[in-house]
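Undergrad:
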Amino acid sequence: MIVIRVFVLFLMLSSHVVADVCATDDNGVELCLPGPAQRIVTLSPGATELAFAAGAGEQVIAVVDYSDYPPEAEMLPNVGSHTRIDLEALVALKPDLVVTWVSGNPVEQVTMLNQLGMATFAIEPRTFEGVSSVLERLASLAGTESEGYAEAARFRQGIAALAKQYRGREPVRVFYQVWDQPLMTINDEHLIGKVISLCGGQNIFGEMARLVPRIGPEDVLAGDPEAILSGGTDEDGNSYTSLERWREFGAMAAVAADNLFIIPASPISRPTPRLLDGARTVCEKLDMARARL
Amino acid sequence: MMRALTILTVIAALACALSLAVGSVTIPPGDLWQVVLGQGDTLDRTLLIDLRLPRTLSAFAAGGLLAIAGALMQVLLRNPLADPYVLGLSGGAATGALLAMLAGAGMVLVSGAAFAGALFATLLVFGLAHGTGSWTPSRLLLTGVVTAAGWGAAITLMLAITPAHQLPGMLYWLMGDVSYARLPWPSIVVLMLAVIALLPLARSLNVLARGPLQAAALGVSVRPLEWSIYLLASLLTATAVTSVGSIGFVGLIVPHMLRLVLGNDQRVILPASALAGGTLLVLADTLARTVIAPEQLPVGVITALLGVPTFLYLLHRSR
Chain A
122 MIVIRVFVLF LMLSSHVVAD VCATDDNGVE LCLPGPAQRI VTLSPGATEL AFAAGAGEQV
182 IAVVDYSDYP PEAEMLPNVG SHTRIDLEAL VALKPDLVVT WVSGNPVEQV TMLNQLGMAT
242 FAIEPRTFEG VSSVLERLAS LAGTESEGYA EAARFRQGIA ALAKQYRGRE PVRVFYQVWD
302 QPLMTINDEH LIGKVISLCG GQNIFGEMAR LVPRIGPEDV LAGDPEAILS GGTDEDGNSY
362 TSLERWREFG AMAAVAADNL FIIPASPISR PTPRLLDGAR TVCEKLDMAR ARL
Chain B
253 MMRALTILTV IAALACALSL AVGSVTIPPG DLWQVVLGQG DTLDRTLLID LRLPRTLSAF
313 AAGGLLAIAG ALMQVLLRNP LADPYVLGLS GGAATGALLA MLAGAGMVLV SGAAFAGALF
373 ATLLVFGLAH GTGSWTPSRL LLTGVVTAAG WGAAITLMLA ITPAHQLPGM LYWLMGDVSY
433 ARLPWPSIVV LMLAVIALLP LARSLNVLAR GPLQAAALGV SVRPLEWSIY LLASLLTATA
493 VTSVGSIGFV GLIVPHMLRL VLGNDQRVIL PASALAGGTL LVLADTLART VIAPEQLPVG
553 VITALLGVPT FLYLLHRSR
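Taken in order, these protein sequences are the chains called A and B. Position one of the first sequence corresponds to residue 122 (my numbering), numbered consecutively onward. Position one of the second sequence corresponds to residue 253 (my numbering), numbered consecutively onward.
In structure tokens, the structure reads:
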């Protein structure tokens with residue numbers, strides 16, 4: 122333990138002396154590295170995407186399960202799943218930056234990494250601006266500012282353009298199905314909820330207290346959505362979810378107008394620059410729904 | 253009988269050595285030896301001393317505690333199906349731990365809440381079974397089993413209303429998880445104290461196992477002995493559950509296996525349970541973290557996979 126403490130102390134001292142890259146993570150903790158990170162490990166599929174999008178793809182040396190985008194990430198060594206990290210494998214890779222996921226990684230494992238003297242940077246974008254901001258901060262830590270800031274700007278402009286395009290459209294009542302067994306949806310605080318609002322949709326469960334509420338089919342019927350969306354196709358376009366159960370309720374506006382849409386899952390579910398693609402899809406589907414009502 | 257304990261000690265030491273030597277990262281034997289000598293490079297030291305050692309010791313202590321608690325419960329309730337959890341103690345611990353997790357507490361608070369929950373469950377059963385009427389093992393068992401069902405419902409309720417991102421952590425806790433055990437010393441100290449405290453009682457326990465009337469006739473003060481066994485077993489289980497979550501099976505199977513091989517003498521069974529329980533959990537955890545590395549399995553899966561065939565073999569052979 123003493124060795125580790127001395128090592129941590131040394132890291133802290135050295136970073137204060139020659140500190141040239143610093144950034145504050147989504148827990149509000151400032152991380153300073155002695156130089157741009159060269160050996161990055163990402164502990165969530167979203168973090169992998171963000172690191173690559175920030176221009177740091179070449180410095181990423183290991184990822185966790187389901188890091189399937191971009192395709193290069195699939196070739197990288199794996200250090201377990203985001204819910205259970207293989208700490209041994211991770212430590213043995215001697216990373217100089219570990220990008221963690223605030224609510225997805227086990228707190229005790231991240232604490233242990235910190236105690237072992239690893240430089241960890243916790244992220245969890247909850248807003249559109251949060252996605253751009255994480256891109257910029259990761260780019261700063263990796264020394265890839267030009268690419269990262271450009272990608273952040275592209276995302277900002279893309280979202281702003283959608284906001285402008287769909288502002289003032291006729292509101293559409295939307296039910297977004299996260300999962301069917303148990304039935305789960307999202308509220309307006311969730312990024313998917315924000316996408317729905319952006320596209321002129323009105324989330325029928327937007328006011329619920331939980332980020333990802335569990336609901337009953339009766340609640341959906343009572344909300345009488347005009348469109349039902351679900352992220353449920355993988356990268357190859359295979360669908361793994363179904364909205365067919367709703368068809369038996371012909372009186373529901375969404376069913377009457379045939380407004381049941383299954384859209385690609387990861388672009389809409391992951392807080393990464395691909396969310397722009399996901400948002401475009403949602404906006405298009407809601408526009409189709411509007412036309413059919 | 254000393255021979256059996258010596259053999260078990262050697263096996264336990266080998267299991268611990270194996271657990272330290274093996275991991276998802278391969279360290280050459282020469283480098284391992286360097287670390288043992290207090291040298292070796294920083295990475296090897298970190299892997300061995302900061303990651304594998306606390307984990308091995310925690311697993312050993314928890315396995316030993318659970319096996320002793322199981323052996324005690326089987327004597328107390330004179331029921332072969334008794335295990336440390338049969339009286340709802342793990343349910344109380346889990347309810348405490350899950351409540352703490354739901355509130356977003358850190359691991360220290362979760363452990364504390366688990367310990368508090370386990371003690372509360374113990375006292376609840378103690379108070380209810382004590383009651384006003386006469387006390388019998390079957391009354392204690394029934395009270396325990398019913399409160400356990402109540403805890404089970406509370407756990408299911410919490411799992412149902414928990415935000416999805418917190419579920420994996422909770423499920424791993426419920427399945428038993430050694431991966432974050434950092435401070436093995438409390439469990440080890442409790443384990444050693446328990447063995448030391450129990451050895452003088454072993455004779456009385458042998459008599460008690462034959463029934464309370466015989467025990468009383470032979471001069472054992474049955475009631476105080478029974479309650480102290482119950483409280484001690486609960487304390488041991490609570491300590492184990494606090495450091496590694498609720499790992500099933502060890503407490504049920506290890507004492508039975510030992511009885512099949514060594515006979516039912518508590519003077520041997522209790523220390524042997526500590527050694528064999530610890531060994532089983534150390535081996536199970538070693539497999540859990542290496543068998544499909546980098547994926548990490550819950551240790552409870554492996555304890556059952558290792559224990560079931562071994563137990564069935566011993567049972568078959570003993571006929």
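Backbone N, C-alpha and C fix where the C-beta goes; we use that ideal spot for every residue, glycine too.
In chain order, which continuous runs of the beta strand (DSSP E) of length 3 or greater are located wholly inside the stretch 211–275 of chain A?
TA: 218–222, 241–244
Undergrad: Chain B beta carbons: is any one of them nearer than 8 Å to that of G201/A?
TA: In the first sequence, the residue the question calls residue 201/A occupies position 80. By this cut-off, G201/A is an interface position.
Undergrad: Quick one: is P561/B near chain A, going by C-beta distance under 8 Å?
TA: Position 309 of the second sequence, counted from the start, is the residue given in the question as residue 561/B. For P561/B, the answer is no, since every Cβ of chain A falls outside 8 Å of its Cβ.
Undergrad: Take the Cβ of S188/A as the centre, count every other Cβ of all protein chains shown within 10 Å, and call the residue buried at 16 or more, exposed below.
TA: If you number the first sequence from 1, residue 188/A lands on position 67. Looking at its Cβ environment, which holds 16 or more other Cβ atoms inside 10 Å, S188/A is buried.
Undergrad: Buried or exposed for M122/A, please, with buried defined as at least 16 other CB atoms from any protein chain shown within 10 angstroms of its CB.
TA: Taking the first residue of the first sequence as 1, we reach residue 122/A at position 1. Residue placement at M122/A is flagged as unreliable, the pLDDT there being 46, under the threshold of 50; a coordinate-derived value is accordingly withheld.
Undergrad: Can you check whether the C-beta of L130/A is within less than 8 Å of a C-beta belonging to chain B?
TA: Indexing the first sequence from 1 puts residue 130/A at position 9. Note that L130/A scores 49 on pLDDT, short of 50, meaning its location in the model is unreliable; the coordinates nonetheless yield the value given after this. By this cut-off, L130/A is not an interface position.
Undergrad: Looking at the secondary structure, which residues open and close the beta strand (DSSP E) in which S387/A lies?
TA: The residue labelled residue 387/A in the question sits at position 266 within the first sequence. Looking at the DSSP string, S387/A is not in any beta strand (DSSP E); the run it does join, the alpha helix (DSSP H), is 386–390.
Undergrad: Quick one: grab the DSSP three-state call for D340/A.
TA: Along the first sequence, one-based indexing puts residue 340/A at 219. In the three-state reduction of the DSSP assignment, D340/A falls in the helix class, which pools H, G and I.
Undergrad: Pick from D141/A, E272/A, G279/A, E193/A: whose alpha carbon is nearest that of A175/A?
TA: As a first step, residue 175/A must be located in the first sequence, where it is residue number 54. Of D141/A, E272/A, G279/A, E193/A, the residue nearest in Cα terms is E272/A.
Undergrad: Looking only at DSSP bridge pairs, what is I383/A linked to?
TA: Residue 383/A sits at position 262 when you count from the first residue of the first sequence. The partner list for I383/A (beta bridge, DSSP) reads S351/A.
Undergrad: Rounded to the nearest angstrom, what separates A345/B and M325/B at their Cα positions?
TA: The count along the second sequence starts at 1 and reaches residue 345/B at position 93. The count along the second sequence starts at 1 and reaches residue 325/B at position 73. Roughly 18 Å between the two C-alpha positions.
Undergrad: Can you give me the C-alpha to C-alpha distance between M410/B and S224/A, rounded to a whole angstrom?
TA: Counting from 1 along the second sequence, the entry for residue 410/B is found at position 158. Counting from 1 along the first sequence, the entry for residue 224/A is found at position 103. Each residue's alpha carbon lies about 18 Å from the other.
Undergrad: Helix, strand or coil for M253/B per DSSP?
TA: Taking the first residue of the second sequence as position 1, residue 253/B is located at position 1. Here M253/B sits in coil by DSSP.
Undergrad: At 9 Å on the CB atoms, spell out the chain B contacts of V333/A, in chain order.
TA: Translated into the one-based positions of the first sequence, residue 333/A becomes position 212. Result: P415, A416, H417.
Undergrad: Have a look at D302/B and N235/A and give me their C-alpha separation to the nearest angstrom.
TA: As a first step, residue 302/B is located in the second sequence; it is residue number 50 there, counting from the start. As a first step, residue 235/A is located in the first sequence; it is residue number 114 there, counting from the start. Approximately 12 Å, taken between the alpha carbons.
Undergrad: Contact defined as beta carbons within less than 8 Å: I believe I389/A pairs with V316/A. What is the distance between those atoms, to the nearest angstrom?
TA: Residue mapping note: residue 389/A aligns to position 268 of the first sequence, counting from 1. Residue mapping note: residue 316/A aligns to position 195 of the first sequence, counting from 1. Indeed, because the Cβ distance is near 7 Å, the residues count as touching under 8 Å.
Undergrad: For V474/B, which of S456/B, L361/B, T347/B has the nearest alpha-carbon?
TA: In the second sequence, the residue the question calls residue 474/B occupies position 222. Residue S456/B is the option with its Cα nearest to V474/B.
Undergrad: Of the residues that make up the stretch 345–369 of chain B, which ones have a beta carbon closer than 8 Å to any beta carbon in chain A?
TA: G358, M359
Undergrad: Looking at the C-beta of P246/A, does it have a partner C-beta in chain B at a distance below 8 Å?
TA: What you label residue 246/A is simply residue 125 of the first sequence in a count that begins at 1. P246/A does not count as touching chain B.
Undergrad: Indicate the three-state DSSP secondary structure (helix, strand or coil) for C320/A in the structure shown.
TA: Taking the first residue of the first sequence as position 1, residue 320/A is located at position 199. Here C320/A sits in coil by DSSP.
Undergrad: May I have the straight-line CA-CA distance separating I486/B from T374/B, to the nearest angstrom?
TA: Residue numbering aside, residue 486/B sits at position 234 when the second sequence is read from its first letter. Residue numbering aside, residue 374/B sits at position 122 when the second sequence is read from its first letter. The residue asked about is misnamed: residue 486/B is Ser in this sequence, not Ile. Using only the alpha carbons, I get a separation of about 7 Å.
Undergrad: Just reading off the alpha helix (DSSP H) that V162/A is part of, what are its end residues?
TA: Within the first sequence, numbered from 1, the residue matching residue 162/A stands at position 41. Not the alpha helix (DSSP H): V162/A falls in the beta strand (DSSP E), residues 161–163.
Undergrad: Starting from V377/B, trace the alpha helix (DSSP H) in both directions and tell me its first and last residue.
TA: Residue mapping note: residue 377/B aligns to position 125 of the second sequence, counting from 1. Per DSSP, V377/B belongs to the alpha helix (DSSP H) from 359–382.
Undergrad: Closer than 8 Å, CB to CB, is D207/A near chain B or not?
TA: As a first step, residue 207/A is located in the first sequence; it is residue number 86 there, counting from the start. True, the Cβ-Cβ gap to chain B drops below 8 Å.
Undergrad: In chain order, which alpha helix (DSSP H) runs of at least 4 residues are fully inside the stretch 434–498 of chain B?
TA: Listed in chain order, they are 437–450, 454–460, 464–469, 474–496.
Undergrad: Measure from the alpha carbon of W367/A to the alpha carbon of each residue in Y287/A, T169/A, S351/A, then state which is nearest.
TA: Taking the first sequence and counting its residues from 1, the one referred to as residue 367/A is at position 246. W367/A has its Cα closest to that of S351/A, out of Y287/A, T169/A, S351/A.
Undergrad: Keeping to the same chain, check which residues put their C-beta closer than 6 Å to that of P464/B; ignore five residues upstream and five downstream.
TA: Indexing the second sequence from 1 puts residue 464/B at position 212. If we look at P464/B and ignore the five residues flanking it on each side, its Cβ neighbours are V474.
Undergrad: May I ask you to verify whether the stretch 439–446 of chain B touches the stretch 310–321 of chain B, counting CB pairs closer than 8 Å and requiring at least 3?
TA: yes
Undergrad: Does the Cβ-Cβ distance between A370/B and A526/B come in under 8 Å?
TA: Position 118 of the second sequence holds residue 370/B. Position 274 of the second sequence holds residue 526/B. It is not a contact, given that the beta carbons lie outside the stated cut-off.
Undergrad: For chain B, find out if any of its Cβ atoms is closer than 8 Å to the Cβ of T204/A; answer yes or no.
TA: Along the first sequence, read from residue 1 onward, the residue named residue 204/A stands at position 83. Interface with chain B (8 Å Cβ-Cβ cutoff): T204/A is included.
Undergrad: Among residues of its own chain, excluding the 5 on either side of D147/A, which ones have a beta-carbon nearer than 7 Å to its beta-carbon?
TA: By one-based count along the first sequence, residue 147/A stands at place 26. For D147/A, where only same-chain residues beyond five positions count, the Cβ hits under 7 Å are V223, A243, I244, E245.
Undergrad: If you draw a straight line from the C-alpha of A168/A to the C-alpha of A449/B, how long is it?
TA: Position 47 of the first sequence, counting from 1, holds the residue named residue 168/A. Position 197 of the second sequence, counting from 1, holds the residue named residue 449/B. The straight-line gap from Cα to Cα measures roughly 52 Å.
Undergrad: When DSSP builds the beta bridges, which residues end up paired with M410/B?
TA: Within the second sequence, the letter at position 158 stands for residue 410/B. M410/B is not bridged to any residue.
Undergrad: For the stretch 298–331 of chain B, which residues have a CB atom closer than 8 Å to at least one CB atom of chain A, in sequence order?
TA: So the list reads T298, L299, D302, L303, R304, given in the order they occur along the chain.
Undergrad: Would you identify the three-state DSSP class for V299/A, choosing helix, strand or coil?
TA: Taking the first residue of the first sequence as position 1, residue 299/A is located at position 178. The answer is coil: DSSP assigns V299/A none of H, G, I, E or B.
Undergrad: Apart from the five residues on each side of it in sequence, which residues of its chain come closer than 6 Å, Cβ to Cβ, to Q286/B?
TA: Position 34 of the second sequence holds residue 286/B. Closer than 6 Å at Cβ, skipping near neighbours: G292.
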